[in-house]
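Numbering (the working numbering), first residue to last: 66 to 149.
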């Protein structure tokens, strides 16, 4: 059994995209981390989810790196306010 000591990342409100990193610790304090692919919660998990307004998170292919990278763009409402 492990305890989740850190869980960070992004996911879209439509559920189509997620990218999470997690660190877990065992009873001896050994810590392991990496990408969250799947898993099961044994008893409970305290999780706080925050939202960011005015921006849209997306993943797009980056030709320089060859990876699908996180791209943060202002929403249309924010773009209009920025030009005023």
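We put the beta carbon where it would ideally sit given N, CA and C, even for glycine.
Which same chain residues, not among the five before or five after residue i, have their C-beta less than 7 Å away from its C-beta?
i	result
residue 71	87 and 88
residue 126	133
residue 66	107
Can residue i and residue j be called in contact, C-beta distance under 8 Å?
i	j	result
residue 85	residue 101	yes
residue 110	residue 122	no
residue 139	residue 117	no
residue 78	residue 124	no
On a Cα-Cα basis, can you pick out the residue from the options that is closest to residue i?
i	options	result
residue 74	128, 141, 138 and 114	114
residue 69	83, 76, 80 and 92	92
Once the 5 residues before and after residue i are set aside, which same chain residues still bring their CB inside 6 Å of it?
i	result
residue 97	89
residue 148	Caution is warranted here: a pLDDT of 46 is assigned to residue 148, below 50, making its placement in the model unreliable, and no coordinate value can be reported.
Can you name the residues that DSSP bridges to residue i?
i	result
residue 124	135
residue 67	In the DSSP output, where bridge partners are listed per residue, residue 67 has none listed.
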